[in-house]
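*Asks:* I have a structure here, written as structure tokens, and I will follow up with some questions on it.
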Amino acid sequence: MSNLHALTVPKWGMSMEEGEISEWQVAVGDQLTVGDAVVDIETSKIVNTAESTCAGTLVRQVAQPGEVHKVAMLLGVVAEGDVSEAEIDAFVAAFAPDAAALNISLVADASEPEAPAAQPSYGESPAKQAAPAAAPAPQMPAQTKLQAQPQSALSQGPDDTDVKASTVARRIAKAHKINLNNITATGRHGRVSKQDIEKAAGIRVQAAPLVGQGAGQILASVSPLAGRSSVDDSRIAATPVARRMATKMNINLNDVTPTGRHNRVTKDDVEKAAIALTGMADYREEKLSSMRKTIAARLTESKQTVPHYRVSVDIEIDSLLQQRKYMNDTLGHAISVNDFIIKASASALHAVPDVNVQFTGESILKFDQADISVAVAIDGGLITPVIRNAGNKSLPEISAAAKDLATRAKNGQLTVDEFQGGTFSISNLGMYGVDQFDAIINLPQAAILAVSAGKKQPVVKGDSIVPATVMRVSLSSDHRAIDGSVAALFLKALKGFLENPASMLL
Amino acid sequence: MPLNKEEFLKAYRSMRTIRDFEDKISAEFMKGNIPGFLHLYSGQEASGVGISELLSDEDYVISTHRGHGHCIAKGADVGGMMKEIMGKQGGICDGKGGSMHIADFDKGMLGANAIVGGGPPLIVGAALSAKTLGNGRVGVAFGGDGSSNQGTTFEAMNLAVVLQLPAIFFFENNGYGEGTHASYAVGAKSIAKRAEAFGMPSFEVDGTDLFAVIEVCEKALKHCRDGKGPVTIEATVPRFKGHFEGDPQKYRGDTEIERLMADEDCLVIARVAAKKKKLATDAELDQIDAEVAELMNQVTEAALAAPVPELSELYDNVYSSEY
Amino acid sequence: MPVKTYREAINEALRQSMREDPTVIVLGEEVSGGAGCDGDRDAYGGVMGVTKGLFPEFGEARVIDTPITESAIIGAAAGAAQTGLRPVAELMFMDFFGVCFDQIYNQAAKFHYMFGGKSSCPMVIRCTTGAGWSAGAQHSQNLTNMVTMVPGLKVVCPTNAYDAKGLMIQAIKDNDCVIFVEDKILYDTSCEVPDEMYAIPFGEANFYREGTDVTVVGISNPMHKVLAVVDRLEKEGITCDVIDPRTTSPLDEEAILESVETTGRLVIVDEMTPRCGMAADISSIVAEKAFGSLRAPIRKVTAAHTPVPFAPNLEQAWMPKEVEIEAAIRDVLAYNGGV
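Protein chains in written order, with this note's numbering: chain A, 14 to 519; chain B, 797 to 1119; chain C, 701 to 1039.
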């Protein structure tokens, strides 16, 4: 069984009589809940979006863009449950606007006929005899909630002109058709107060955002920011897309020059204004991937909780480069400078084991094995696969492992145990030509080595200046576990190994 | 008209009541049972009683900060007064006024006033009422030598003369305006003579002599009640106590107070004079002394036992008609 | 209905009250004028003419010219009030509070309380306020705040002739010391005033205009500037609740709070200094009791924090101005985009 409900042209403003359909925001087949934006309608004063007054599936768009329809006329049909096209046709054919709906006023007026006490139920089509037990009456559009539903008991009574009441209370009573004789007075000097009426009638009258005609347009306030209106722009004509964009970018439509039809602000207009006003071009918002979230969380934690300090040293790698050239060209290996650095770091960790530690708060963990985490840039982030026991691996073994891990990392094929753990990290940005950088420690480790590019530079040897390939490395250490001298010793050892690779044979 | 026996005994009782009341208050103050400031009337009894005996309950008096004596002299209930001074329920002003604002409107006592010179303009108003309503009442503004110099006192005197009001400006010159002697602070040689310059008759009298005071006051009151305008009386009196209770009184001469209490005690002087005039015997006066002493004990006990005002009374009587 | 000026309305209130109650007397400097002089008696009928004609009708027993002795005048009025009369004393200018303030705030205001309810003080002190006549620093102040803050006093400040008569009749009937503040600039303004006696209760505000956008409270003289501004703004579609408290003590807080609850915006206009004036006091009450309803900060439009200057252009600059009132209303409307 299904139920059909009509979406009708709402009445915005006392003088609105009709509107031009501008753009549907939902398509046939879309699910709607009460309050969803359904269709943009343009009136002589504003462009606004009609909201759904019921829940269900939009099964027919009756009013088409460009058409002009009077208030309370049919816009579309919403169905709960399945319905046939024939049923929809019948519903549309039989539709008649509710006479009372046409007379709905926003502010209760003594001259207006009283609205019927029961909510009009659009949903019931004459053809339906066996309607389901509960045919929910659609909610009236938000604006008409302002209309007083006169509480019939409270509005009866003799002339209440002489009943003592505060000015505001009297005004509210009049607007809500409440007879003051029915209200218990507890105000000053025995008068009926605003609170007395509110309590009796179950209402609360508060200041509303400005709805007064003209109030929004005419407030030529001097804004503290030149060119930035602080004035209400809800009455400025704009395409719905332009309005959404302006809201998103925090642009006041009063600051935008309109070039659209009927002097509306268009999307283009907003974009032009945006650059001028905010200096910020349009942006796309990208949701955080879980990797990005992890990076953000872990590195923030590290930076905020670990007392980082950095020690750097310049390393001449000419000798190393020569050795590498021989290994690769002559012996057929494919060893990278980074492989050397991995090996040298592991050796340095064995030489200065006090860097191969972790701080737990209660104790310091000392590791005998050097498991080196190597930072690998991947799509959208980075990951640190671990080369286990690098100190006891040969250069070719390290090289192979590093390549394999890097490849699989880029393809997202690493297993968890391959990138968790590690006792020391290396981050190498040398391939980008970086001169110097410092890295952030990967907790729970206590140190990380930042490697920059090796560049030909003048160095002093004896009393001469000679060119050498110099690579700067920076060690960030956790001062809770590693003291300055220890870090310095490590770097001294590392420098030793990298400048004299043969010493790693010892 | 000289006092008869009954009138004298009444006056003596009134003087004795004042003396004992002030002594009791002083003792209770030392024990810590009385909050705030106290200014005791001891030594001045004859002057306050002298005029009050000639006034009816409908005549008005207004007093100074040293007002207990005037209040008792005008017939206020001492029990209510004791409670008021202790800040208790049942106090004559519901505990809202205290010593410096003690009053009894049923007896025409318009209140002690804590503002020096605050009283005279108000009494001029009371006299204005009396004259306008034609009820024959008079108003007596008690003041000290200190208040005689206040602008408000001068203004009040002038206005009373201009409007020819039945007001008596009664200055009890006890020689001290707080810790400054009147001979220093009052430029004129005599407060009474100075008042004459305002256009009214004045009288000077020895304030320790009850009979002399009464004689002078009768003349003054006749003048007023005859509609001839205001009068000033200056009575010279001793101040046995300090400006306030607790005043070390370093400004007074070494044996001054002892001498005053020995030589210028109006109760003693009255007793002597009364006996000479055959108005009373020692036995009768001792009887009165004993009765008053007993009354003081009762009144003090009752006041000590009385409860303090309810907290809700804080907001009572701010306004007289609906707020 | 007959149209009367503010001055005539007060005169009528006094006259009718004095006819009805023989204990009502009037006293002050020049309330009649000519005392002891060779020329006319009732030469002034009050320097502003408010008490004209009372002396000829009621005589010197009830219309009393006094020497220039404010303490004695006010003090005598208080003492007379305690003892059976209902005096209406005139303090020629509110600025003269200083000369007699003890009698007002220490004596008259406190009798009923200090004496445990045993003595009341049914008197009225009429005084004038209002700058704009180049009367100088000591004859132009509005010191309504100085008496509003004293518990025991009541303070009345009518802004039109109708209210002036009704409030004066009420003030004379009232059993407490009432300070009746007459704005000298308003004496010649007029409106319909009934011939019969009527009393307006204290503590009930009057709404000059009703609207939904802003609550504007005006005290004494600037009220008419407020109305000029509000009526102009109404043509633009901005509508205001314009509230005249009529009495600052007691103050009809509820009227102001209820209005602020429906408009969310408040501007208060008075001709006092910005420190500790009525605008500051009402701001504090509303901020404390209706904070949740406010959609913009409360704005005060007051006189400048200086003595009143003499030169006319400076004096006008000193006073609260229509452009300031208008700007304040627009500002509270524009605050935060009008939300």
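Every residue, glycine too, gets a C-beta built ideally from N, C-alpha and C.
If you draw a straight line from the C-alpha of HIS274 of chain A to the C-alpha of GLU33 of chain A, how long is it?
*Replies:* Residue 274 of chain A is actually Arg in this sequence, not His. So the alpha carbons of these two residues sit roughly 13 Å apart.
*Asks:* Here's a check: name, in chain order, each residue in its chain whose Cβ is nearer than 7 Å to the Cβ of ALA869 of chain B, leaving out the five neighbours to either side.
*Replies:* SER810, ILE814, GLY844, VAL845 and SER848
*Asks:* Under a CB-based cut-off of 8 Å, is TYR813 of chain C close to chain B?
*Replies:* yes
*Asks:* Would you say the region 951-968 of chain C touches the region 983-1003 of chain C, given that touching needs at least three Cβ pairs under 8 Å?
*Replies:* yes
*Asks:* State the start and end residues of the unbroken beta strand (DSSP E) segment that holds PRO560 of chain A.
*Replies:* Because chain A here runs from 14 to 519, residue 560 of chain A falls outside it and cannot be looked at.
*Asks:* Roughly how many angstroms separate the alpha carbons of TYR898 of chain C and GLY921 of chain B, rounded to a whole number?
*Replies:* 29 Å
*Asks:* Determine the DSSP secondary structure at ASP765 of chain C, reduced to helix, strand or coil.
*Replies:* strand
*Asks:* Might you give, ordered along the chain, the residues of its own chain that have their beta carbon closer than 6 Å to the beta carbon of GLY973 of chain B, omitting 5 neighbours on each side?
*Replies:* Only ASP941, GLY942 and ALA981 meet the Cβ criterion.
*Asks:* Helix, strand or coil for VAL1027 of chain B per DSSP?
*Replies:* strand
*Asks:* Take the Cβ of TYR1111 of chain B as the centre, count every other Cβ of all protein chains shown within 10 Å, and call the residue buried at 16 or more, exposed below.
*Replies:* exposed
*Asks:* Using the Cα positions of ARG965 of chain C and ASP941 of chain C, report the straight-line distance between them to the nearest angstrom.
*Replies:* Approximately 10 Å between the Cα atoms of the pair.
*Asks:* Have a look at GLY225 of chain A and THR829 of chain C and give me their C-alpha separation to the nearest angstrom.
*Replies:* Residue placement at GLY225 of chain A is poorly supported in this model, since its pLDDT is 39, which falls under 50; the coordinates are not used for a value here.
*Asks:* Going along chain C, which residues have a C-beta under 7 Å from SER1117 of chain B?
*Replies:* Under the 7 Å cutoff, chain C gives ASP874, ASN875 and ASP876.
*Asks:* Using the DSSP secondary-structure output, state which residues sit across from PHE1040 of chain B in a beta bridge.
*Replies:* Answer by DSSP bridge pairing: none, since PHE1040 of chain B is not bridged.
*Asks:* Starting from the beta carbon of SER179 of chain A, find every residue of chain C whose beta carbon is closer than 7 Å, and list them in chain order.
*Replies:* For SER179 of chain A, the chain C residues whose C-beta falls within less than 7 Å of its own C-beta are GLU954, ALA955 and GLU958, listed in chain order.
*Asks:* Could you check what DSSP says for SER732 of chain C in three-state terms: helix, strand or coil?
*Replies:* coil
*Asks:* What does DSSP give as the partner residue(s) for ARG999 of chain C in the beta ladder?
*Replies:* In DSSP, ARG999 of chain C forms a bridge with C:VAL967.
*Asks:* Please classify GLN142 of chain A as buried or exposed, where buried requires at least 16 neighbouring CB atoms within 10 angstroms.
*Replies:* In this predicted model, GLN142 of chain A has a pLDDT of only 37, less than 50, meaning its place in the structure is not dependable; the value taken from the coordinates is given anyway. So GLN142 of chain A counts as exposed.
*Asks:* Under three-state DSSP, which class holds THR272 of chain A?
*Replies:* coil
*Asks:* For a minimum of 4 consecutive residues, which ranges assigned as the alpha helix (DSSP H) are wholly contained in the region 823-900 of chain C?
*Replies:* Taking only runs of at least 4 residues, the alpha helix (DSSP H) segments lying wholly in the region 823-900 of chain C are 844-848 and 861-873.
*Asks:* Could you say which of B:ALA984, B:PHE994, B:GLY913 and B:GLY939 lies nearest to GLY1025 of chain B if we only look at CA atoms?
*Replies:* B:PHE994
*Asks:* Answer with yes or no whether the minimum CB distance from LYS892 of chain B to chain C is below 8 Å.
*Replies:* At a cut-off of 8 Å, the C-beta of LYS892 of chain B has a neighbouring C-beta in chain C.
*Asks:* Can you check whether the C-beta of GLN782 of chain C is within less than 8 Å of a C-beta belonging to chain B?
*Replies:* yes
*Asks:* Please look up how many angstroms separate the CB atoms of ILE768 of chain C and GLY728 of chain C, rounded, as I've assumed it's under 8 Å.
*Replies:* Not confirmed; about 10 Å, so no contact.
*Asks:* To be precise: take each residue of the region 876-903 of chain C, compare its Cβ to all Cβ atoms of chain A, and keep it if any distance is under 7 Å. Which residues remain?
*Replies:* Taking 7 Å as the cut-off between beta carbons, the residues of the region 876-903 of chain C near chain A are PRO901 and GLY903, in sequence order.
*Asks:* Shortest alpha-carbon distance to VAL370 of chain A belongs to which of A:LYS316, A:GLY435 and A:SER303?
*Replies:* Comparing Cα-Cα distances from VAL370 of chain A to each of A:LYS316, A:GLY435 and A:SER303, the minimum goes to A:GLY435.
*Asks:* Looking at chain A, is there any beta carbon in it that lies within less than 8 Å of the beta carbon of PHE907 of chain C?
*Replies:* yes
*Asks:* So for ALA1011 of chain C, helix, strand or coil by DSSP?
*Replies:* coil
*Asks:* So for TYR744 of chain C, helix, strand or coil by DSSP?
*Replies:* In the structure shown, the three-state DSSP call for TYR744 of chain C is coil.
*Asks:* Apply the 10 Å Cβ neighbour rule to PRO253 of chain A and answer buried if 16 or more other Cβ atoms are within range, or exposed otherwise.
*Replies:* If you draw a 10 Å sphere on the C-beta of PRO253 of chain A, you find 16 or more other C-beta atoms in it, and that means buried.
*Asks:* Do you know how far the Cα of PHE902 of chain C is from the Cα of GLN870 of chain C?
*Replies:* 8 Å
*Asks:* Which partner residues of PHE437 of chain A appear in the DSSP bridge assignment?
*Replies:* A:ILE385
*Asks:* Okay, do the region 852-864 of chain B and the region 1081-1093 of chain B touch, 3+ Cβ pairs below 8 Å being the bar?
*Replies:* The region 852-864 of chain B vs the region 1081-1093 of chain B: no contact.
*Asks:* For the beta strand (DSSP E) that contains TYR908 of chain C, what are its first and last residues?
*Replies:* 906-909
*Asks:* Might you give, ordered along the chain, the residues of its own chain that have their beta carbon closer than 8 Å to the beta carbon of ARG184 of chain A, omitting 5 neighbours on each side?
*Replies:* Hits under 8 Å: none found.
*Asks:* Under three-state DSSP, which class holds ILE804 of chain C?
*Replies:* The answer is helix: DSSP assigns ILE804 of chain C an H, G or I state.
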